[in-house]
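Reading through the structure tokens given below for one structure.
Residue numbers (this note's numbering): 2 to 144.
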């Protein structure tokens with residue numbers, strides 16, 4: 002990659018492994034980052050490795066990036082099937098982004114959240130409404 006950016010000979014190549022087979026590279030400026038991420042990916046000549054590129058606002062100092070996922074909630078009592086109450090319940094899972102308004106009239110409620118790891122969502126929580134406990138089960142959609 003140094004050959005692609007010869008004009009940045011003094012570039013401090015900061016690379017960090019963020020997951021297995023995933024690395025983050027810090028670019029010297031936003032224009033360079035945009036220029037390379039437009040490629041979407043490339044192959045290395047000296048090895049059998051394909052690099053796929055994705056632009057992000059995450060910095061190399063960050064430890065994790067939240068992921069967006071739809072969650073299915075089962076066992077929601079009828080009086081809790083409002084957008085405002087479901088947002089509060091969803092906070093037990095992650096940062097609430099959206100409640101599927103159509104699902105409020107069905108057996109299960111869909112909620113979109115940001116969370117650390119969607120594969121770790123799942124299980125039953127007991128919530129209390131007017132001092133009465135209800136068990137609500139949640140699972141990530143499609144995982």
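Heads up, the beta-carbon is just placed ideally off N, CA and C, and yes, glycines get one too.
Residue i classed as buried or exposed, judged by whether at least 16 other C-beta atoms fall within 10 angstroms
i: residue 87; result: buried
i: residue 139; result: buried
CA nearest to the CA of residue i, picked from the options
i: residue 105; options: 117, 122, 80; result: 80
i: residue 124; options: 137, 59, 24; result: 137
i: residue 29; options: 53, 50, 61, 51; result: 61
i: residue 127; options: 109, 76, 118, 143; result: 76
i: residue 67; options: 27, 73, 42, 96; result: 96
i: residue 63; options: 27, 121, 132; result: 27
Cβ neighbours of residue i in the same chain (closer than 8 Å, five flanking residues each side left out)
i: residue 55; result: 38
i: residue 129; result: 135
i: residue 99; result: 112, 113
i: residue 44; result: 50, 51, 52
Own chain residues within Cβ distance below 6 Å of residue i, not counting five before or after
i: residue 25; result: 17, 19, 61
i: residue 150; result: The chain is shown only over 2 to 144; residue 150 falls outside these bounds and no answer can be derived.
(message) Can you confirm whether the segment 112-120 touches the segment 71-91 when touching is taken to mean that 3 or more C-beta pairs between the two stretches lie within less than 8 Å?
(response) At 8 Å Cβ cutoff, the stretches touch.
(message) Report the start-end ranges of each alpha helix (DSSP H) in the segment 50-126 that is 4 residues or longer and not cut off at the edges.
(response) If you keep only unbroken alpha helix (DSSP H) runs of at least 4 residues inside the segment 50-126, you get 84-91.
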